[in-house]
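Sequential numbering of the sequence shown, starting at 125, is according to our numbering. Where is the CB? At the ideal position from N, CA and C, for every residue including glycine. Source: prediction; values computed, not measured. Take a look at the structure set out below.
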Amino acid sequence: MNDQVWGAIRAQRVVPVIRAQSAEQAQRLAEAVFEGGMRVIELTTTIPSAVSLLERLRTSHPDLIVAMGTIRDRDMAQQAVDYGAQLLVTYKVAEDVARIAQQNHLPFILGAMTPTEVDHCVQLGCSVVKLFPAGVVSTAMIKDLKGPMPAVDYFPTGGIGIDEVGRWLEAGAMAVGIGGALLRGSQDEIRRNTAHLLANFAISKESQ
């Protein structure tokens, strides 16, 4: 499971982070990016009835990898696992979330913003760290962090525009999380923007 999830993220290189005012709106966004070619998405726990939507998407789209993000505590983590999450994502250093993921043999991403926090994530067994909120720091942060911690991969998220994705990837990000910049507009616009991102940045199967 872990290798499949990490491999899919490394290939896709851009992960839609879906926040919405209703589960119905979130499902429409998920459908739009799926139709645009995305095969890994992140739902956030701020979506009403998020875990029920997670369960529905796992059933209706078996070839879609669904992460559950904005997990704040152990109970949220366990509920996400119970409803079928394939990856747990949090915005902070969260030992309880890491433990739930490890107990269930699931990949997980913890959040950090400083070298001390990144190191704490690593001590908890985290190999991919979410830089959050990425919009308030420079892309140079990845290079600076990789000096003392070269084995860590980074997933910058928060405040990243479509035109900034390439700069983060060039700086060494494993993948980039993108939310509102991609998910605004009509369904057709979202599909087109999704397809455009993938055409520019995703790694094709032929080149792997």
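Could you check the C-alpha separation between Gln227 and Ala326 for me, to the nearest Å?
Whole-angstrom Cα-Cα distance: 31 Å.
Quick one: is Lys267 buried, meaning 16 or more other Cβ sit within 10 Å of its Cβ, or exposed?
Classification of Lys267: exposed, given that the 10 Å Cβ count is below 16.
For Ser331, count neighbouring C-beta atoms within 10 Å of its own C-beta (all shown protein chains included) and say buried if the count is 16 or more, exposed if not.
Confidence in Ser331 is poor, its pLDDT being 46 and thus under 50, which makes the residue's placement unreliable; the coordinate value appears in the next sentence. Under this definition Ser331 is an exposed residue.
Could you tell me the distance, in whole angstroms, from the CA atom of Glu166 to the CA atom of Leu212?
Each residue's alpha carbon lies about 9 Å from the other.
Determine the DSSP secondary structure at Phe279, reduced to helix, strand or coil.
It is coil, neither helix nor strand.
Taking 7 Å as the limit between beta carbons, can you name the residues of its chain near Gly285, skipping five residues before and five after?
Answer for Gly285: Ala305, listed in chain order.
Are there 16 or more other CB atoms within 10 angstroms of the CB of Thr170, so buried, or fewer, so exposed?
The residue is exposed, with fewer than 16 neighbouring Cβ atoms inside 10 Å.
When DSSP labels each residue in this structure, what does Leu188 get in the three-state scheme?
If DSSP states are grouped into helix, strand and coil, Leu188 belongs with coil.
How is Phe256 classed by DSSP in three states: helix, strand or coil?
Three-state result, Phe256: coil.
Specify, as a first and last residue, the run of the beta strand (DSSP E) that Val205 falls within.
Here Val205 belongs to no beta strand (DSSP E); instead the alpha helix (DSSP H) covers 198-206.
Could you give the distance in angstroms between the alpha-carbon of Val217 and the alpha-carbon of Pro239?
Between Val217 and Pro239, the C-alpha separation is close to 12 Å.
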